[in-house]
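Colleague: Quick one: the structure is below, and I'll ask about it shortly.
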Amino acid sequence: MRKQAKNLGVSKDTIRNAVQDLGLVSYVRRRRQLLSDASKETRAIKGKKLLTWMKHNGSTSPDCNPLDYGIWGVVERKACSIPHASVDALKAAVEKEWAEMSVDFIVKTCKAFRPRIEAMLKANGGHFEL
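Under the UniProt record's numbering, read the sequence shown as residues 1 to 130, first letter to last.
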């Protein structure tokens, strides 16, 4: 990217942003980090802990579902900001807010999924804050 930026007379940040906006991938080969035995063991323990937790209450936890911890709260707050005369009016307001939700917000909410899972694992399924 540095060479391209220099050839075009722009900053490398400009090139990086253009590459990201276009959805292109850098072809710089990156070396894969080799895991030590201790790292492998730690990952295995964390994986087992996550699987055990998910088996017992993963599907019912709002902390594990981006729709529950992010998206529905926003839709509810906006759609229910004023009282509705009927159920049909409420449904229309929910559908309107759902349709107007930006893709960026949905992407950000879904990207927060992994940090939430990691925080939940650290708290052993208990209370945590991000």
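Backbone N, C-alpha and C define an ideal beta-carbon position, used for all residues, glycine too.
With a cut-off of 8 Å on the beta carbons, I'd call VAL75 and VAL87 a contact; round off their distance for me.
Modeller: Between VAL87 and VAL75 the Cβ distance is about 16 Å, and since that is not below 8 Å, they are no contact.
Colleague: Using DSSP with H/G/I as helix, E/B as strand and the rest coil, what is GLU129?
Modeller: Three-state DSSP puts GLU129 in coil, outside helix and strand.
Colleague: Can you tell me whether ASN7 is helix, strand or coil according to DSSP?
Modeller: Reduced to three states, the DSSP call for ASN7 is helix.
Colleague: Are LYS46 and LEU121 closer than 8 Å when you measure CB to CB?
Modeller: Contact: yes.
Colleague: Excluding the 5 residues preceding and the 5 following ARG32 in the sequence, name in chain order all residues of the same chain whose CB lies nearer than 8 Å to its CB.
Modeller: There are no such residues.
Colleague: According to DSSP, is LEU24 part of a helix, a strand, or is it coil?
Modeller: Three-state result, LEU24: coil.
Colleague: Would GLY70 be called buried (16 or more neighbouring beta carbons within 10 Å of its own) or exposed?
Modeller: Burial call: buried.
Colleague: Find out if the Cβ-Cβ distance for the pair SER11, ALA18 is shorter than 8 Å.
Modeller: No; because the gap between Cβ atoms is not below 8 Å, this pair is not in contact.
Colleague: So, is ALA79 buried or exposed, given that buried needs 16 or more other C-beta atoms within 10 angstroms?
Modeller: Label assigned to ALA79: buried.
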